[in-house]
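Novice: One structure coming up, written as structure tokens, with questions to follow.
Residue numbers (this note's numbering): -10 to 129.
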């Protein structure tokens, strides 16, 4: 139900905040709290020449990005290469497909799709609901 999903999402965001803390430790910050409730969601169409629309909020630092996002039904993120970072995509809900370096993966709740530095990938929402992801980009 919705309750469990909400708890899952808040747990994931706590993990994301922890990751952000690690990102920023190199700058001497002891703690970083990211309140995504205060970050404006942006909706874009044709992400990386994909189809349809997606909505996202973004936290960015020199060490990477944390992006809770939703690929709307019929939407996709087109094929693109990660030259400087690992791209970690944890599926909170929905159904989709990722293709990374020619290998196809089915995406569903609880699955984590990782596109490593130097690889290229695309993500497609194949379901009737939003494909909800928590994406963490780690520069390295």
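Every residue gets a Cβ at the ideal spot worked out from N, C-alpha and C, and that includes glycine.
Output the distance between the C-alpha atoms of residue 33 and residue 75, rounded to the nearest integer angstrom.
Specialist: 22 Å
Novice: What is the residue span of the beta strand (DSSP E) that residue 77 lies within?
Specialist: Segment 74 to 82, the beta strand (DSSP E) holding residue 77.
Novice: Going by DSSP, what residue range makes up the beta strand (DSSP E) through residue 32?
Specialist: 31 to 34
Novice: Within the continuous beta strand (DSSP E) that includes residue 128, where are the two ends?
Specialist: 120 to 128
Novice: Assuming residue 122 contacts residue 80 (C-beta within less than 8 Å), just tell me the rounded distance between them.
Specialist: 6 Å
Novice: Does the separation of the CB atoms of residue 65 and residue 44 fall below 9 Å?
Specialist: no
Novice: Take the Cβ of residue 130 as the centre, count every other Cβ of all protein chains shown within 10 Å, and call the residue buried at 16 or more, exposed below.
Specialist: Shown here, the chain extends from -10 to 129; a query on residue 130 therefore has no answer.
Novice: Express the C-alpha separation of residue 102 and residue 86 in angstroms, rounding to a whole number.
Specialist: 10 Å
Novice: Going by the beta-carbon positions, is the gap between residue 83 and residue 35 smaller than 9 Å?
Specialist: no
Novice: Enumerate in chain order the residues of its own chain whose CB-to-CB distance from residue 97 is below 7 Å, with the five nearest sequence positions on each side excluded.
Specialist: 80, 84
Novice: Looking only at DSSP bridge pairs, what is residue 53 linked to?
Specialist: 50, 127
Novice: Measuring straight from C-alpha to C-alpha, what distance separates residue 107 and residue 118?
Specialist: One C-alpha to the other measures close to 31 Å.
Novice: Quick one: residues in its chain with C-beta nearer than 8 Å to the C-beta of residue 109, no 5 flanking neighbours on either side, listed in chain order?
Specialist: 68, 69, 70, 71, 89, 90
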